[in-house]
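For what it's worth, the numbering used here labels the leading residue of the sequence shown as 312, then goes sequentially. Cβ coordinates follow ideal geometry from the N, Cα and C atoms, glycine included.
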Amino acid sequence: MVDPQKWYQNPYVWLIIGGPALVVVASFITLYLAITHPDPPIDDYYRKGIEINKTLDAERDGMAPAVQARNHAQTGMKPADD
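Shown next as structure tokens:
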């Protein structure tokens with residue numbers, strides 16, 4: 312007869328248990344790193360881009376030909392770029 316092994320002596324059991332156990336340990340390490348080293352805040356690049364576009368539009372609108380500028384004032388639409 313075959314001498315039965317105890318469950319903890321079988322290497323396949325440790326192979327199956329080891330994968331999820333390693334993932335749990337790695338998740339706690341990741342949580343620790345996320346809490347102790349927070350990301351720095353980033354600049355508000357979107358708002359800066361909007362301000363730059365407004366400045367560029369104001370410069371372009373100030374140099375529009377008279378007829379286009381008059382139409383722009385009446386319709387609320389910006390003159391088309393030629």
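Isoleucine 340: member of the alpha helix (DSSP H) spanning 322-347, first to last residue. Look at lysine 317 here: in three-state DSSP terms it is coil, with no helix or strand label. Excluding its 5 nearest sequence neighbours in each direction, glutamine 316 has no C-beta neighbour in its own chain below 8 Å. Rounded to whole angstroms, isoleucine 327 and asparagine 321 show a C-alpha spacing of 11 Å. Distance from the CA of isoleucine 340 to the CA of tryptophan 318, rounded to the nearest whole angstrom, comes to 29 Å.
Note on geometry: alpha-carbon atoms of valine 334 and threonine 366 lie some 52 Å from one another.
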